[in-house]
Amino acid sequence: MAVEIRSLTGDDLKETLDDLARLRISVFRDWPYLYEGSLDYEAGYLERYARSENAVIVGAYDGGKLVGAATGEPLGGELAAFRTPLEARGYAPANIFYLAESVLDPVYRGMGIGHRFFDEREAHAKRLGFTQAVFCAVIRPGDHPMKPAQYRPLDAFWRKRGYGKLDGVIVRFPWIDIGDRLETEKPMQVWTRSLQSDPPARG
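Position in the sequence shown (from 1) plus 1212 gives the number in the numbering used here.
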C-alpha cells in the first residue's frame, strides 16, 4: 500500500482544510476523543490554520485521497485554551511550536506514518527557529464505559520520540461527546520535548 507524505503550507494547506475536517470527524469518533463532530464546527475550529503563515499540515495520501493528517502552528497563534496553561508556568510561546491534531484512518496504522507526522512537523518547526515542541493528549477515566478493552495508550510511542509529560500542566478544552447534546470540558495532558537535539533512535 503506497502512501505519499506531503507537507502543506500556504494555499495548499487552505485547500486541504475541508478534507481534514471530514477526516477529523471520522477518526475522532473513536476512543479516547469520542468526538461528536460537525462540519460547521470544524470550519470555525480549523480556520486559524488558514490565517497562520507558519502553520503546516502533514498529509498522508493514498492516490488523491487524504487518509491521515497532522497539524501544527506556532503556539502564539493558537487558541487561548492551549496557550494559557503554559504561559502561567513561565513558558514563552515565541519559542514553542504546537503540534495539534494527528488523525489517521485505521487501515493505514502500523506503517510508520505516525513517525513521519512527527518528523515532518518537527523539521518544519526547526526551520522556523522554534526550540521546543508541545502537544496535548486527552485524559479519560480508566473505567470509562466506552473504553475499548484492547485499547493501548500511545505514551510509549511518544516517549520513544523524546517527549515527556509536563507535570501539572493541563489544558481544558470543550467538545461534544458522542451521544451528548452539550459541550463539556476535557482535561488534556501537555507533553513536550526540546527541538535542539534529535529524537532518540527508533527501536
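Ideal Cβ positions, reconstructed from N, Cα and C, are used throughout, including at glycine.
Whole-angstrom C-beta distance between Leu1291 and Leu1298, which should lie under 8 Å: Their Cβ separation, rounded to whole angstroms, is 12 Å, which puts Leu1298 and Leu1291 out of contact at 8 Å.
CA-to-CA distance, Ala1349 to Phe1385, given in whole angstroms: 11 Å
Segment contact flag, the stretch 1303 to 1322 with the stretch 1269 to 1284, C-beta cutoff 8 Å, min 3 pairs: yes
N-terminal and C-terminal residue of the beta strand (DSSP E) that Ala1272 is part of: 1268 to 1274
Exposure label - Gln1344; buried when at least 16 CB within 10 Å: buried
Gly1276 versus Glu1216, Trp1403, Glu1395, Arg1371, residue with shortest Cα-Cα distance: Glu1216
Ser1219 vs Glu1332 beta-carbon contact at 9 Å: yes
For Lys1338, the three-state DSSP class (helix, strand or coil): helix
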